[in-house]
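Numbering follows my numbering, with no gaps: position 8 of the sequence shown is 8. Virtual Cβ for every residue (Gly too), placed ideally from N, Cα, C.
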Amino acid sequence: MIQKLRYQLATFAIIGSVGFAVDGGVLTYLSVGMGMNVYLSRFISFALACLATWLLNRKYTFRRPNHFPGFSRGREYSRYVIIQTCGALINLGVFTWLIAVNPEFKSIPIVPLAFGSGLALVFNFVGARMWVFQE
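Following this line, the structure appears as structure tokens:
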């Protein structure tokens with residue numbers, strides 16, 4: 001059980017890195033390369049990153065079969081987007097709070113970003129494991 005949990009957490013983190021690359025790459029391409037509004041670009045990049053990580057996590061992290069009785073991929077994906085959105089809000093909240101309590105972090109924003117990302121990763125993993133891809 002512990003070995004499976006370690007595997008899932010490590011795989012989830014690696015796939016999260018892939019999602020970050022998709023998110024950042026699409027955001028940069030659309031906003032800088034194509035001149036699209038940065039907020040619309042961000043919405044699209046987040047949506048594509050969610051789709052990519054959901055597909056990868058269901059295949060590699062939680063090893064969901066494509067078909068089984070009573071299964072709704074639409075419901076699963078909706079739950080995944082909800083968890084990812086909450087995780088993004090947690091990340092932003094921690095980031096904002098840390099800068100508010102220590103304004104020196106404005107000069108090194110990677111520190112509050114790392115704390116926010118770490119907490120969001122834990123939330124996203126637990127939410128995905130316990131609610132989205134429940135066994």
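Short Cβ contact (8 Å threshold) for Gly-116 with Leu-92: Between Gly-116 and Leu-92, the C-beta gap is smaller than 8 Å, which places the two residues in contact.
Option in Leu-48, Val-101, Thr-96 and Ile-15 with minimal Cα separation from Asn-124: Taking only the C-alpha atoms, the option nearest Asn-124 is Ile-15.
With 16 other Cβ atoms within 10 Å as the buried cut-off, status of Tyr-39: Exposed: under 16 other Cβ atoms inside 10 Å.
Nonlocal neighbours in the same chain, by C-beta distance under 6 Å from Asn-57, ignoring five residues either side: Excluding sequence neighbours, Asn-57 sits near Ile-15.
Segment limits, alpha helix (DSSP H) that includes Tyr-39: Run containing Tyr-39: 38-56, per the alpha helix (DSSP H) assignment.
First and last residue of the uninterrupted alpha helix (DSSP H) at Lys-4: Here the alpha helix (DSSP H) through Lys-4 covers 2-28.
Cα-Cα separation between Ile-108 and Asp-23, rounded to whole angstroms: Rounded to whole angstroms, Ile-108 to Asp-23 spans 22 Å at the Cα level.
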